[in-house]
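Right, one structure below, let's go through it.
2 protein chains.
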Amino acid sequence: MKVAILGYGNIGRAAEKAIKAAPDMELAGVFHHNDCLNCIDADVVLVCTPTREVQKFATVLAARCICTVDSFDIHGQIWNLRDSLDAVCRSNKCVSVISAGWDPGSDSMIRAILMALAPKGITYTNFGPGRSMGHTVAAKSIPGVKNALSMTIPLGTGIHRRMVYIELADGADFKTVEAAILADDYFAHDETHVVAVESVDALNNVAHGVNLVRSGVSGETHNQRFEFNMEINNPALTGQVMVSCARAAMKMKDRGEYGAKTMIEIAPVDLLAGTKESLVKALV
Amino acid sequence: MKVAILGYGNIGRAAEKAIKAAPDMELAGVFHHNDCLNCIDADVVLVCTPTREVQKFATVLAARCICTVDSFDIHGQIWNLRDSLDAVCRSNKCVSVISAGWDPGSDSMIRAILMALAPKGITYTNFGPGRSMGHTVAAKSIPGVKNALSMTIPLGTGIHRRMVYIELADGADFKTVEAAILADDYFAHDETHVVAVESVDALNNVAHGVNLVRSGVSGETHNQRFEFNMEINNPALTGQVMVSCARAAMKMKDRGEYGAKTMIEIAPVDLLAGTKESLVKALV
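Each protein sequence line maps, in turn, to chains A and B. The first sequence begins at 110 in this note's numbering and counts up one residue at a time. The second sequence begins at 110 in this note's numbering and counts up one residue at a time.
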């Protein structure tokens, strides 16, 4: 299976390592987002560009009958992306796996399984501790901030604290900057603490995690309790998930199951290398 | 969707409640294992008989083009059951979901997903605390034992302690009975403690659980840590899993994906009631 990478940031680099570690894949090249897409010769392309550029690239590649995997993560727009890519994939007999990261992604699979185990109940997804990309970008955009890092701290029941570490620009006033961050829509709804530091870079750490909890009802039986925890290197996991989904895309394409798929639409065995017999014997 | 139950023990009773709680199902009858199988009129039959009788019943039903779900749990024989039922299901254009409980079953899905997230590493499945059916039956068969309960206690890294509670038969000698239990092949390989009690029935509790742990490598990044925990009512969960798998069987049949499937071959979304759009929007 020839797998190419489009976009070479943190995720693209991590995906490259996962492709090289996969027994059934070879790297078909690394392409930058302004390279000619027609030059890509691959069975699957991992679209590792910024999330807002995913749809454009995935659509062009699907129109060329090339499977794609992305980790599109704008929650409210996932169904629209699926809907739009689905038509292109079906017309061109290929498969596009979308929103293939850990959340959305593998966490979504866990949430779906827990709902099947206990259809009534509440699932809480508690993120972190780990860096929030969106909140970090929002904090960096505040006047007077030279550099920033926003950490997401789980407080349980889906409530999160924001720890915002900032380097002040020359002459900036901490209290003014702090007030601007606290008033920003990204931070105004959560408990937020702003901390001035000498070097944001010195805090750099791609660790992340999740604590996903469900208490629910199986049949008529309440108090069925489930918990899923991860403590992981964020880009390494995202890259690996994309590579596992590239395999699933090829298997689904080979079976004629064309279209765009989120990870809850993928059978777990399709993510794995090896024969079905060996995997059933090892895992079931 | 009309769902019938074959076999009315703990699991059959729990499955009945889960069918009644499902928004998209109606109960098509409860049948005993010696009822006439030709009288069953249903889209799916949940085969809730003892595990050794599953293959016989599922084969007869599949030959009548009726989908089945079972919770066959003899580990070394799952692939053979799948292989045999797969041919019958394909010939008769139906779907048989096998080994659909929590282990084998939903735990198998979790193990497969964790392997996709970190392909190299070790997964430990730690069971309990909860009653082991097989060990309880083994303890009951020892001469001098009037009644018994064998509890599985997780010690981590897949190692388990057996706590065997027994009521002695009249005139039986505890030390002799204890020695026989410890020498039995079911117990000889684990740390086992035998405790004489007045009433085994007074200890009765269908609670069970699992602690499933993986530390592995995503790409080249080690120390990726994952954990899945459950504390559940055992028959209630098994019945619910079978009912969710009945739904998946019908969806796969409707798409023409005939054959026998273990749960790692099922996309999580197929286990759930509701439209794909609503489920993707709620869970992904």
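We put the beta carbon where it would ideally sit given N, CA and C, even for glycine. Keep in mind it's a predicted model, so treat the numbers as computed, not measured.
Local conformation of residue 263/A per DSSP, three classes: Your numbering for residue 263/A matches position 154 in the first sequence. Here residue 263/A sits in strand by DSSP.
Residues of the segment 363-389 of chain B with Cβ closer than 9 Å to any Cβ of chain A, in chain order: 364, 366, 370, 371, 372, 373, 374, 375, 376, 377, 378, 379, 380, 381, 382, 385, 386, 388 and 389
Proximity to residue 249/B [Cα-Cα], best of 234/B, 159/B, 348/B and 295/B: Counting from one through the second sequence, the residue named residue 249/B turns up at place 140. Nearest C-alpha to residue 249/B: 295/B.
Environment of residue 370/B [buried if 16+ CB atoms lie within 10 Å]: Position 261 of the second sequence holds residue 370/B. The residue in question, residue 370/B, is buried, as its Cβ has 16 or more Cβ neighbours within 10 Å.
The segment 358-374 of chain B touching the segment 250-257 of chain B, judged by at least three CB pairs closer than 8 Å: no
Through-space distance from residue 214/B to residue 344/B, alpha-carbon basis: Position 235 of the second sequence, counted from the start, is the residue given in the question as residue 344/B. Position 105 of the second sequence, counted from the start, is the residue given in the question as residue 214/B. Using only the alpha carbons, I get a separation of about 13 Å.
Within chain A, partners of residue 186/B - CB distance below 7 Å: Position 77 of the second sequence, counted from the first residue, corresponds to residue 186/B. Correct list: empty, because the minimum Cβ distance to chain A is about 11 Å.
Residue 350/A vs residue 209/A beta-carbon contact at 8 Å: On the first sequence, position 241 is the one that residue 350/A refers to. On the first sequence, position 100 is the one that residue 209/A refers to. Yes, the pair counts as a contact, with Cβ atoms nearer than the cut-off.
Cβ-Cβ distance between residue 137/A and residue 127/A below 8 Å: Position 28 of the first sequence, counting from 1, holds the residue named residue 137/A. Position 18 of the first sequence, counting from 1, holds the residue named residue 127/A. Going by C-beta atoms, residue 137/A is not nearer than 8 Å to residue 127/A.
Host beta strand (DSSP E) of residue 305/A (start-end): Translated into positions along the first sequence, residue 305/A becomes position 196. Here the beta strand (DSSP E) through residue 305/A covers 300-305.
Cα-Cα separation, residue 312/A to residue 241/A: Taking the first sequence and counting its residues from 1, the one referred to as residue 312/A is at position 203. Taking the first sequence and counting its residues from 1, the one referred to as residue 241/A is at position 132. Going from the Cα of residue 312/A to the Cα of residue 241/A covers about 14 Å.
Length of the line joining the Cα atoms of residue 237/A and residue 265/B: Position 128 of the first sequence, counted from the first residue, corresponds to residue 237/A. Position 156 of the second sequence, counted from the first residue, corresponds to residue 265/B. Residue 237/A and residue 265/B: Cα-Cα distance of roughly 25 Å.
Residue 161/A at chain B interface by Cβ criterion, 8 Å: Position 52 of the first sequence, counted from the first residue, corresponds to residue 161/A. Not closer than 8 Å to any Cβ of chain B, the Cβ of residue 161/A fails to qualify, so no.
Nearest-angstrom beta carbon gap, residue 124/A and residue 149/A [assumed within contact, 8 Å]: Here residue 149/A corresponds to residue number 40 of the first sequence, with the count starting at 1. Here residue 124/A corresponds to residue number 15 of the first sequence, with the count starting at 1. So it is not a contact: roughly 15 Å between Cβ atoms.
Residue ranges of each alpha helix (DSSP H) within the segment 132-172 of chain A, 4 or longer: 163-172
Span separating the alpha-carbon of residue 354/B from that of residue 133/A: Here residue 354/B refers to the residue found at position 245 when the second sequence is read from its first residue. Here residue 133/A refers to the residue found at position 24 when the first sequence is read from its first residue. Cα-Cα distance, rounded: 31 Å.
Within chain A, partners of residue 350/B - CB distance below 9 Å: Within the second sequence, the letter at position 241 stands for residue 350/B. Simply 225, 226 and 327.
Local Cβ density within 10 Å of residue 377/B, reported as buried at 16 or more and exposed below that: Walking along the second sequence from the start, residue 377/B turns up at place 268. Burial call: buried.
Buried versus exposed call for residue 181/A [16 or more other C-beta atoms within 10 Å across all chains shown]: Position 72 of the first sequence, counting from 1, holds the residue named residue 181/A. Result: buried.
CB contact below 8 Å: residue 135/A versus chain B: Walking along the first sequence from the start, residue 135/A turns up at place 26. Not closer than 8 Å to any Cβ of chain B, the Cβ of residue 135/A fails to qualify, so no.
Buried/exposed call for residue 268/B, threshold 16 Cβ in 10 Å: Numbered from its first residue, the second sequence carries residue 268/B at position 159. Counting Cβ neighbours within 10 Å, residue 268/B comes out exposed, since fewer than 16 surround it.
Chain B within 8 Å of residue 355/A, Cβ atoms only: Along the first sequence, one-based indexing puts residue 355/A at 246. By this cut-off, residue 355/A is not an interface position.
Proximity test, Cβ basis, 8 Å: residue 110/B and chain A: Position 1 of the second sequence holds residue 110/B. Not closer than 8 Å to any Cβ of chain A, the Cβ of residue 110/B fails to qualify, so no.
Inter-stretch contact at 8 Å, needing at least 3 Cβ pairs: the segment 193-212 of chain A / the segment 329-343 of chain B: no
Proximal residues to residue 347/A (C-beta, below 7 Å), its chain only, five neighbours per side dropped: Reading the first sequence from its first residue, position 238 is the one you call residue 347/A. Hits under 7 Å: 120, 123, 180, 210 and 211.
Bridge-paired residues (DSSP) for residue 257/B: Translated into the one-based positions of the second sequence, residue 257/B becomes position 148. In the DSSP output, where bridge partners are listed per residue, residue 257/B has 275/B.
Residue 231/A classed as buried or exposed, judged by whether at least 16 other C-beta atoms fall within 10 angstroms: Sequence index remark: in the first sequence, residue 231/A carries index 122 (1-based). It counts as exposed.
Of the listed residues 118/A, 173/A and 189/A, nearest to residue 386/B (C-alpha basis): Along the second sequence, one-based indexing puts residue 386/B at 277. Nearest of 118/A, 173/A and 189/A to residue 386/B, Cα basis: 189/A.
Under 7 Å (Cβ pairs) to chain A, residues found in the segment 189-200 of chain B: 191
Enclosing beta strand (DSSP E) for residue 115/A [first to last residue]: Counting from 1 along the first sequence, the entry for residue 115/A is found at position 6. Start and end: 111-115.
Chain A contacts made by the segment 164-183 of chain B, where a contact means CB separation under 7 Å: none
Contacts around residue 342/A, its chain only, beta-carbon distance under 6 Å, and the 5 residues preceding and following it disregarded: Here residue 342/A refers to the residue found at position 233 of the first sequence. Closer than 6 Å at Cβ, skipping near neighbours: 315.
Sufficient close CB pairs (3 or more, under 8 Å) joining the segment 138-147 of chain B to the segment 315-334 of chain B: no
Residue 200/B classed as buried or exposed, judged by whether at least 16 other C-beta atoms fall within 10 angstroms: Indexing the second sequence from 1 puts residue 200/B at position 91. The residue is exposed, with fewer than 16 neighbouring Cβ atoms inside 10 Å.
CB-CB length for residue 323/B against residue 227/B, believed under 8 Å: For the purposes of this step, residue 323/B is taken as residue 214 along the second sequence, with counting starting at 1. For the purposes of this step, residue 227/B is taken as residue 118 along the second sequence, with counting starting at 1. So it is a contact: roughly 6 Å between Cβ atoms.
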